[in-house]
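*Asks:* Mind the numbering: the sequence shown is residues 590 to 699 in my numbering, read in order.
Ideal placement from N, C-alpha and C gives every residue a C-beta, glycine not left out.
Sharing a structure, written as structure tokens. Questions coming.
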Amino acid sequence: MMFVAFSHPGLHRDWMPYTDRLDYFCSLTNNWAYALTVEKLAGLQVPERAEYIRVITAELTRLQNHTCLVGFLLMDMGALGTPLMYAFREREKILDLFESLTGARMMCNY
């Protein structure tokens, strides 16, 4: 019998909350990287639909991250708060999608 966490069975389930908090902008992407590692070690095959959902959520995570960072960059370059408010407005739409998918807006996990 193969244990993913070697001498501590079930340890792989305990690490997912920690990957959530590595970068709160990209929590889903961090979870995905950890889940891929565990799946490869265990020799698990993920359904194709799950892979599509992962890619879509990863792209949405990247989009909301870059939108916010561009808003902060423009504010640092001298634009008052307006570009940042527009960036946060667009980010809210993506966070609403995450909330409907996972039940959480920031530390998404499903």
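Is LEU669 buried or exposed, if buried means 16 or more other CB atoms sit within 10 Å of its CB?
*Replies:* For the purposes of this step, residue 669 is taken as residue 80 along the sequence shown, with counting starting at 1. LEU669 is exposed by the Cβ-count criterion.
*Asks:* Measure from the C-beta of GLU648 to each C-beta in chain C and report whether the shortest distance is under 7 Å.
*Replies:* In summary, chain C is missing from the structure at hand, where a single protein chain is found.
*Asks:* Run through DSSP, which three-state label would ARG643 get?
*Replies:* Position 54 of the sequence shown holds residue 643. Residue state, collapsed to three classes: helix.
*Asks:* Excluding the 5 residues preceding and the 5 following LEU673 in the sequence, name in chain order all residues of the same chain whose CB lies nearer than 6 Å to its CB.
*Replies:* To locate residue 673, count along the sequence shown from 1; it is residue 84. Only GLY660, MET664 meet the Cβ criterion.
*Asks:* Identify the continuous alpha helix (DSSP H) that holds MET674 and give its terminal residues.
*Replies:* The count along the sequence shown starts at 1 and reaches residue 674 at position 85. Where MET674 is concerned, the enclosing alpha helix (DSSP H) stretches over 671–691.
*Asks:* Taking ASN619 and LEU625 to be in contact with their CB atoms under 8 Å, please state how far apart those CB atoms are, rounded to whole angstroms.
*Replies:* In the sequence shown, the residue the question calls residue 619 occupies position 30. In the sequence shown, the residue the question calls residue 625 occupies position 36. About 11 Å; that fails the 8 Å criterion.
*Asks:* Compute the distance between the beta-carbons of ARG680 and GLN653, then report whether it is under 7 Å.
*Replies:* Your numbering for residue 680 matches position 91 in the sequence shown. Your numbering for residue 653 matches position 64 in the sequence shown. Yes, Cβ-Cβ distance for ARG680 and GLN653 is below 7 Å.
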